[in-house]
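K.L.:
Order-wise, the sequence lines are chains A and B.
Just so we're on the same page, the numbering used here is the position in the first sequence counted from 1, plus 19.
Just so we're on the same page, the numbering used here is the position in the second sequence counted from 1, plus 19.
Number of protein chains: 2
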Amino acid sequence: MTAGPDTAGGGRVSRRRMLGLSGAGLLVGAAAGAGVDRALADHHETPGGAVPFHGAHQAGIATPVQDRLHFAAFDVVTEDRDRLVRLLKEWTAAAAAMTAGRPVGRGAVGGVAEAPPDDTGEALGLPPSRLTLTIGFGASLFAKDRFGLQDRRPPALVDLPHFPGDKLDPQRSDGDIAVQACADDPQVAVHAVRNLARIGFGVVSVRWSQLGFGKTSSTTPDAQTPRNLMGFKDGTANIPGTDDDLLAKHVWAAAADGADWMAGGSYLVARRIRMHIETWDRASLAEQEQIIGRDKKEGAPLGARREHDPVDLRRLAADAHVRLAHPDSNGGARILRRGYSFTDGSDGLGRLDAGLFFLAYQRDPRTGFIRIQRNLAGDSLNEYLQHVGSGLWACPPGVRRGGYWGDTLFR
Amino acid sequence: MTAGPDTAGGGRVSRRRMLGLSGAGLLVGAAAGAGVDRALADHHETPGGAVPFHGAHQAGIATPVQDRLHFAAFDVVTEDRDRLVRLLKEWTAAAAAMTAGRPVGRGAVGGVAEAPPDDTGEALGLPPSRLTLTIGFGASLFAKDRFGLQDRRPPALVDLPHFPGDKLDPQRSDGDIAVQACADDPQVAVHAVRNLARIGFGVVSVRWSQLGFGKTSSTTPDAQTPRNLMGFKDGTANIPGTDDDLLAKHVWAAAADGADWMAGGSYLVARRIRMHIETWDRASLAEQEQIIGRDKKEGAPLGARREHDPVDLRRLAADAHVRLAHPDSNGGARILRRGYSFTDGSDGLGRLDAGLFFLAYQRDPRTGFIRIQRNLAGDSLNEYLQHVGSGLWACPPGVRRGGYWGDTLFR
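So this is what it looks like as structure tokens:
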């Protein structure tokens, strides 16, 4: 259906060039079309830019957090391992093209008019918008009698324990394969997931998907910290995507961790966290600030003046969120957060169905999310939250030129 | 709970000024803070700008279409007409503040710490982002024995007929009051609807809401026409928001139309149109182009070369969408479209729940949407669509300084 991964970085024209558009965006499109591995580092900072697809790590983890998210979990509906591997190769080629701002295959108007287009077309003319596509494999993919992977399940790919207050909907949890699409333009992120689903027809089936309209974490400490739907700055003390030492310690898995195929990869925890915003909105400002442990206006830790001032845990209530989530309260545990706010209509009870789609990457969830989430059992914020969806996926290392998503696992 | 409408245009500081931020966006924020009616016309073209709230017509109709949408339909849960009118006044003050980039009331950190904040805070520090808030009243509000409005129901506010293929979900249809929030930043649009819902607690209840991630129509003919999820340019022949003659003829209601309180207002039809994108994606390019009546790459009418070339209806198939929707096929009927693409997770059958949230404004739906939609009964596109939500609302004229949303109806 699509070209193999070997041609992914070839000389195909970008969406923008194909349409013959001119103007300031042309340079970016032309650079992207010239080869994804030559995309410039400063594209990270360009709204219309392309983020390199190939590399030691998958993009979309340490990459500066983009504005919008479309996340999809897939079930594999074939029992044929070779067919699954073929799909992963097709997906890789498509992902390399789309992240470079090019259409899938021969494009929405390429090939012959008598055939369905290779690309669905809704991103024609749009810049790459810093699209990243990040893949992860769930524990169910490693089940016995499926694809012969039962001996390759990483020790860190545990079954997440039940946490107090969890009310998980199986229709919004788990999945054999997860794809995180992040971009500054939601149309580009949705286009990417939709085309992967299209290419995967008959091999995978969309289990659930989630749109995130606003990022709630930043991995660039000098950028303005975004606010979550509680109105507070979120992710102030996140792991910077530029800090290689912290990333190596807390985010990237190593061969010594028990699954050599995961070296350079990471573990993704997703939690759909419904916020009881109507209740929260009736709490006083003082109460809100006590619960979070930061002031609402500046985002400064209570007792300090500025957002990035050090947190003095002794000045926070024992059940304040920032205190319980802080590395010093968790034996130094840290995770890299990339969450997004969501609003999915209303709940039939007159309330908006809104909250935080929490995404966190870590080297090992047992010493990362699980450890911290257990410590949050006494969090005074819990009164206003409910975890309604959940998943854990092993995200393999980045794709080398000529390789494909998951090749270290399947070869 | 909030200040009265008389103070809406006062000298409150903008969100941006309040936080003491500097930079290029400051000028816009400062101008907005100085008074909404002095916001400049060229703010229409500024991504961070403010669109004036007060005027002869409501903003958000002829206004150049913003990038993102949050639409909400409310049920009125009080039987007290005075309480409803008080809410409309409170909403007006909040809308005037938020569209100018200012927080509601005393803000998220104003007032006393012992009280809940007047604003929920998640838009703190964000520019106005061309936010518009547009209100409409549904037929149910005029029911006998509710608010004494039964004699004021406009003749044009009909009950929409059943159209062939309709499969309407009552949970996504109708509502006493509709609010359309459009902005270039979705966080700003969501913040606005969420705060209106918060202010309305006990008076109104969210019946349903819809997020739109990408605009599919433009009201600025010189701008790049966006593409819908079928990959085609949509809304090429829309009514330009700058064409006063066309607006007067097709969009703005007049006193002579049968309801004097609606003079300067308009009628909004919303349709949640699910697209069977998986089926569409398996249609050949030639078939897709025949069905639409335009080529996919340029958006040109079949037989023509460029997008804005005149449509020669004789060169299109008798059941082509563009032909059946064209004014020449509908006695000159035209509507102003402001629709958005949506993706709301998946449908439990392995497919994305995606499509078009169609929004159209017109002077009279009987000679606008209803006429055109009846003519689309034979549309070959119908095989790929299903209308699953619907609503019609009478949107009153714009608010004059000192007035409130709906004052021509309630006073």
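Note that the Cβ used here is the ideal one computed from N, Cα and C, for glycine as well.
Here the structure is a predicted model, which is why all the values come from computation and not from measurement.
By the 10 Å Cβ neighbour count, where 16 or more other Cβ atoms means buried, how is K186 of chain B classified, buried or exposed?
P.N.:
The count along the second sequence starts at 1 and reaches residue 186 of chain B at position 167. With fewer than 16 Cβ atoms within 10 Å of its Cβ, K186 of chain B is classed as exposed.
K.L.:
Please name the residue or residues paired with G425 of chain A in a DSSP beta bridge.
P.N.:
Taking the first sequence and counting its residues from 1, one reaches residue 425 of chain A at position 406. For G425 of chain A, which the question treats as bridged, DSSP gives no partner whatsoever.
K.L.:
Please state the DSSP three-state secondary structure of A273 of chain A.
P.N.:
Position 254 of the first sequence holds residue 273 of chain A. In this structure, A273 of chain A counts as coil in the three-state DSSP scheme.
K.L.:
Go ahead and pull the three-state DSSP assignment for G318 of chain A.
P.N.:
Within the first sequence, the letter at position 299 stands for residue 318 of chain A. Coil.
K.L.:
Would you decide whether E308 of chain B is buried or exposed? Buried here means 16 or more other CB atoms lie within 10 Å of its CB.
P.N.:
To locate residue 308 of chain B, count along the second sequence from 1; it is residue 289. E308 of chain B should be labelled buried.
K.L.:
Would the C-beta of L160 of chain B count as close to the ligand ZN, meaning under 7 Å from any of its heavy atoms?
P.N.:
Among the components modelled here there is no ligand, and therefore nothing to report on the ligand ZN.
K.L.:
Any idea what DSSP makes of R290 of chain A, helix, strand or coil?
P.N.:
Translated into positions along the first sequence, residue 290 of chain A becomes position 271. Looking at R290 of chain A - three-state DSSP - the assignment turns out to be strand.
K.L.:
Please give me, in chain order, every unbroken run of the beta strand (DSSP E) with length at least 3 that falls completely inside the stretch 177-222 of chain A.
P.N.:
If we require 3 residues or more, the beta strand (DSSP E) runs fully inside the stretch 177-222 of chain A come out as 196-202.
K.L.:
Tell me whether S159 of chain B is buried or exposed, calling it buried when 16 or more other Cβ atoms sit within 10 Å of its Cβ.
P.N.:
Residue numbering aside, residue 159 of chain B sits at position 140 when the second sequence is read from its first letter. Label assigned to S159 of chain B: exposed.
K.L.:
If we count the other Cβ atoms within 10 Å of its Cβ and call it buried at 16 or more, is A274 of chain A buried or exposed?
P.N.:
Walking along the first sequence from the start, residue 274 of chain A turns up at place 255. Answer is exposed; the Cβ neighbour count stays below 16.
K.L.:
Using DSSP with H/G/I as helix, E/B as strand and the rest coil, what is K108 of chain B?
P.N.:
Numbered from 1 along the second sequence, position 89 holds the residue referred to as residue 108 of chain B. K108 of chain B falls in the helix class under three-state DSSP.
K.L.:
Reducing DSSP to helix, strand and coil, say where S348 of chain B ends up.
P.N.:
In the second sequence, counting from the first residue as 1, residue 348 of chain B sits at position 329. Looking at S348 of chain B - three-state DSSP - the assignment turns out to be helix.
K.L.:
May I have the straight-line CA-CA distance separating L355 of chain A from K268 of chain A, to the nearest angstrom?
P.N.:
Taking the first residue of the first sequence as position 1, residue 355 of chain A is located at position 336. Taking the first residue of the first sequence as position 1, residue 268 of chain A is located at position 249. Using only the alpha carbons, I get a separation of about 11 Å.
K.L.:
Under 7 Å Cβ to Cβ from V341 of chain B, same chain only, skipping five residues before and after it: list those, please.
P.N.:
By 1-based counting over the second sequence, the position of residue 341 of chain B is 322. So the qualifying residues of the chain are I311, G312, R313, P320, V330 and L335.
K.L.:
Consider the Cβ of W412 of chain B: report whether some Cβ of chain A lies at a distance smaller than 8 Å.
P.N.:
Residue mapping note: residue 412 of chain B aligns to position 393 of the second sequence, counting from 1. It does not; no Cβ of chain A falls within 8 Å.
K.L.:
Would you call the stretch 90-106 of chain B and the stretch 225-245 of chain B in contact, with 3 or more CB pairs under 8 Å?
P.N.:
The stretch 90-106 of chain B, when compared against the stretch 225-245 of chain B, does touch it at the 8 Å Cβ threshold.
K.L.:
The beta strand (DSSP E) with T298 of chain B in it runs from where to where?
P.N.:
Counting from 1 along the second sequence, the entry for residue 298 of chain B is found at position 279. Here T298 of chain B belongs to no beta strand (DSSP E); instead the alpha helix (DSSP H) covers I296 to W299.
K.L.:
Taking Cβ to Cβ, would you say G417 of chain A is nearer than 8 Å to H76 of chain A?
P.N.:
By 1-based counting over the first sequence, the position of residue 417 of chain A is 398. By 1-based counting over the first sequence, the position of residue 76 of chain A is 57. Contact: yes.
K.L.:
Can you give the Cα-Cα distance for A211 of chain A and T362 of chain A, rounded to whole angstroms?
P.N.:
Along the first sequence, one-based indexing puts residue 211 of chain A at 192. Along the first sequence, one-based indexing puts residue 362 of chain A at 343. Straight-line Cα distance between these residues: approximately 21 Å.
K.L.:
Ignore the nearest five residues each way along the sequence and tell me which others in T235 of chain A's own chain have a CB closer than 7 Å to its CB.
P.N.:
In the first sequence, counting from the first residue as 1, residue 235 of chain A sits at position 216. Excluding residues within five positions, the ones whose Cβ falls inside 7 Å are P245, N247, D253, G254, G358, Y359, S360 and L375.
K.L.:
What distance in whole Å lies between the Cβ atoms of F156 of chain A and L428 of chain A, which are believed to be in contact at a cut-off of 8 Å?
P.N.:
As a working mapping, residue 428 of chain A is identified with position 409 in the first sequence. As a working mapping, residue 156 of chain A is identified with position 137 in the first sequence. Right, their Cβ atoms sit about 7 Å apart.
K.L.:
Going by DSSP in three states, L168 of chain A sits in which element: helix, strand or coil?
P.N.:
For the purposes of this step, residue 168 of chain A is taken as residue 149 along the first sequence, with counting starting at 1. Looking at L168 of chain A - three-state DSSP - the assignment turns out to be coil, as it is neither helix nor strand.
K.L.:
DSSP has Y359 of chain A in a bridge; who is on the other side?
P.N.:
In the first sequence, the residue the question calls residue 359 of chain A occupies position 340. Paired residues: A:K234 and A:F376.
K.L.:
Whole-angstrom Cβ separation of A197 of chain A and W412 of chain A, contact assumed at under 8 Å?
P.N.:
Walking along the first sequence from the start, residue 197 of chain A turns up at place 178. Walking along the first sequence from the start, residue 412 of chain A turns up at place 393. Contact flag correct, Cβ pair sits at about 4 Å.
K.L.:
In the DSSP assignment, find the alpha helix (DSSP H) that holds I310 of chain A and state where it starts and stops.
P.N.:
Your numbering for residue 310 of chain A matches position 291 in the first sequence. L304 to I311 is the extent of the alpha helix (DSSP H) around I310 of chain A.
K.L.:
Are the stretch 378-386 of chain B and the stretch 143-152 of chain B touching, with three or more C-beta to C-beta distances below 8 Å?
P.N.:
Short answer: they don't touch.
K.L.:
Report the start-end ranges of each alpha helix (DSSP H) in the stretch 84-154 of chain A that is 4 residues or longer and not cut off at the edges.
P.N.:
Those alpha helix (DSSP H) runs which fall completely within the stretch 84-154 of chain A and span 4+ residues are 100-118.
K.L.:
Which residue marks the beginning of the alpha helix (DSSP H) containing Q392 of chain B, and which one marks its end?
P.N.:
In the second sequence, the residue the question calls residue 392 of chain B occupies position 373. Here the alpha helix (DSSP H) through Q392 of chain B covers F388 to N394.
K.L.:
List, in order along the chain, the chain B residues whose C-beta lies closer than 7 Å to that of K186 of chain A?
P.N.:
Walking along the first sequence from the start, residue 186 of chain A turns up at place 167. Within 7 Å Cβ-Cβ: nothing; K186 of chain A doesn't reach chain B, min ~17 Å.
K.L.:
Tell me whether K163 of chain B is buried or exposed, calling it buried when 16 or more other Cβ atoms sit within 10 Å of its Cβ.
P.N.:
Within the second sequence, the letter at position 144 stands for residue 163 of chain B. Burial call: exposed.
K.L.:
Would you please verify whether the beta carbon of E98 of chain B is less than 8 Å from any beta carbon of chain A?
P.N.:
Taking the first residue of the second sequence as 1, we reach residue 98 of chain B at position 79. Not one chain A Cβ lies under 8 Å of E98 of chain B.
K.L.:
Looking only at its chain, what residues have a beta carbon closer than 7 Å to the beta carbon of A142 of chain A, apart from the 5 residues adjacent to it on each side?
P.N.:
For the purposes of this step, residue 142 of chain A is taken as residue 123 along the first sequence, with counting starting at 1. The residues are R34, Q206, V207 and H210.
K.L.:
Report yes or no: do the stretch 392-405 of chain B and the stretch 280-297 of chain B share at least 3 C-beta pairs separated by less than 8 Å?
P.N.:
They touch, by the three-pair rule.
K.L.:
Closer than 7 Å by beta-carbon distance: list the chain B residues that pair up with G233 of chain A, in chain order.
P.N.:
The sequence position of residue 233 of chain A within the first sequence is 214, counting from 1. Here the neighbours are P205 and Q206.
K.L.:
Are the C-beta atoms of R370 of chain B and some chain A residue less than 8 Å apart?
P.N.:
What you label residue 370 of chain B is simply residue 351 of the second sequence in a count that begins at 1. At least one chain A Cβ lies under 8 Å of R370 of chain B.
K.L.:
How would you call Q190 of chain B, buried or exposed, if buried means at least 16 neighbouring beta carbons within 10 angstroms?
P.N.:
Here residue 190 of chain B refers to the residue found at position 171 when the second sequence is read from its first residue. Q190 of chain B is exposed by the Cβ-count criterion.
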